[in-house]
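Structure first, then comments.
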Amino acid sequence: MRSRKILAGQASALLLLTACGGPVAGEASPATVVGTRASTAPGDVPATLDEADPCGLLTEDEIEQVFGRQAAATRDDFGSASSCRYEPGRRYLTIDVRTNAGLADLPATNPMTDLTVGDHRAKSWTAIGGGCFVSLGVSSSSRVDIALTADLDEQPCPFVHELATLVEPRLP
């Protein structure tokens, strides 16, 4: 139980650091394409990001598909982000919907990789401590952040990139 609290605290601290701050350090890596846009039913995509429910961007079945176990969604808004968190096993996953900050506003201090996820521009980086982030740009002033902190012996970025391909078709 103590390790979950530590991981949760680390993830919260990492997300807080990315929510505030100054210029981006390092140089961006070449663009990478992650996944392709899946087909969705017309009602699945909100007209604007303001209408998006962060806990509705993934299903319990998709969490199980990625992590091998289900995890209940918990709404956990903080700051200007509408947030949803999951704890699949000894991992801490958050999905943040930000309607007042785009990709250009990312304050990560580690080098970022430019990506294309489906039809959306994105950025990915690994934080100090090993957490992995993918931010999907929706407009110049909005984005969805997906962050995962995992066990020390596990690489979180492949999970986050897979989750990003699942979330992306549900974005305007």
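Mind the numbering: the sequence shown is residues -25 to -1, 1 to 147 in mature numbering (1 follows the signal peptide of the UniProt record, and there is no 0), read in order.
Glycine included, every Cβ here is placed at the ideal spot set by N, Cα and C.
Closest in C-alpha terms to Q45, from the list W100, V92, Y67, D28, comes Y67. Counting every other CB atom within 10 Å of its CB across the protein chains shown gives P86 a total below 16, marking it as exposed. Going by beta carbons, L90 and L146 fall outside the 8 Å limit.
Counting only the Cα atoms, R60 lies some 17 Å from Q40.
Excluding the 5 residues flanking it on each side, G64 has same chain C-beta neighbours closer than 7 Å at F42, R44, in chain order. R50 sits exposed, since fewer than 16 C-beta atoms from the chains shown fall within 10 Å of its C-beta.
Residue T74 holds the alpha-carbon nearest to the alpha-carbon of T23 among T74, A79, I70, A122. Each residue's CA atom was taken as its position, placing A27 and V72 some 8 Å apart.
Annotation: the continuous alpha helix (DSSP H) that includes C132 extends over 132 to 142. Taking the CA atoms as reference points, G104 sits about 31 Å from D25. In the structure shown, the three-state DSSP call for R66 is coil. When the five nearest sequence neighbours on each side are left out, the beta carbons in the same chain lying within less than 6 Å of the beta carbon of S99 are those of T88, L90, V109, in order along the chain. By the neighbour-count criterion, in which 16 or more other beta carbons inside 10 Å mark a residue as buried, E35 falls on the exposed side.
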